[in-house]
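Per our numbering, residue 2 is the first one in the sequence shown, and the count goes up by one each step. In this text, a Cβ means the ideal position worked out from N, Cα and C, and glycines have one as well. See structure below.
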Amino acid sequence: MAGEEVAAETEQNGFKELWLLLLKEPKELTNEEVACLLKHEWDVRERVTAVFRRFPREVEKVRRCRARKEELSALPTEKFKTIVDFSRKERRGARAENDDEDLDDFFSEPPAEDSDEHIANEIIGEREKAVAEAQG
Numbered sequence: 002m003a004g005e006e007v008a009a010e011t012e013q014n015g016f017k018e019l020w021l022l023l024l025k026e027p028k029e030l031t032n033e034e035v036a037c038l039l040k041h042e043w044d045v046r047e048r049v050t051a052v053f054r055r056f057p058r059e060v061e062k063v064r065r066c067r068a069r070k071e072e073l074s075a076l077p078t079e080k081f082k083t084i085v086d087f088s089r090k091e092r093r094g095a096r097a098e099n100d101d102e103d104l105d106d107f108f109s110e111p112p113a114e115d116s117d118e119h120i121a122n123e124i125i126g127e128r129e130k131a132v133a134e135a136q137g
């Protein structure tokens, strides 16, 4: 793991510990736990607010994405490649028709996680990995 990844994971684990403390009854907290929560008060507030703002929207997005992935999984790999190729051609065509720099930035970004293109790419990758593992 790179240094940044380790730092991010350590920070995430630290927040998980703080989050678990928030779930306790305040009277059950030890003096050390109270001090820890108060020391990180603003970080905890910001994270809790962020979680509150995106829930349940993000969870619903995951549910929809998984349901769509299940639907698409029944299709053959060739169909996925057609979906991905079509999406890429549409992006290139729209980019070629428009000189707007902001639009160019939009088309340079990867497809949204809940888009058919992203899901198709994910399934293709999973299938190619399974084939490689079966052969190797």
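- As summarised for the segment 17-77, the continuous alpha helix (DSSP H) elements at least 4 residues long and confined to that stretch are 32-40, 42-55 and 58-73, given in chain order.
- Three or more pairs of CB atoms, one per stretch, sit closer than 8 Å, so the segment 117-136 contacts the segment 68-87.
- For G137, the secondary structure class from DSSP, reduced to helix, strand or coil, is coil.
- Distance from L22 to E34 at the Cβ level is roughly 5 Å; contact confirmed, criterion being Cβ atoms closer than 8 Å.
- Here the alpha carbons of S74 and R67 stand approximately 10 Å from one another.
- Going by C-alpha positions, R93 is about 12 Å away from E110.
- Remark: C-beta atoms of E118 and V85 approach each other more closely than 8 Å.
- Around the Cβ of L39, a 10 Å sphere holds fewer than 16 other Cβ atoms; the residue is exposed.
- Look at E114 here: in three-state DSSP terms it is coil, with no helix or strand label.
- When the Cα atoms are used, N32 and E47 turn out to be separated by approximately 23 Å.
- Taken through DSSP and simplified to helix, strand or coil, N99 comes out as coil.
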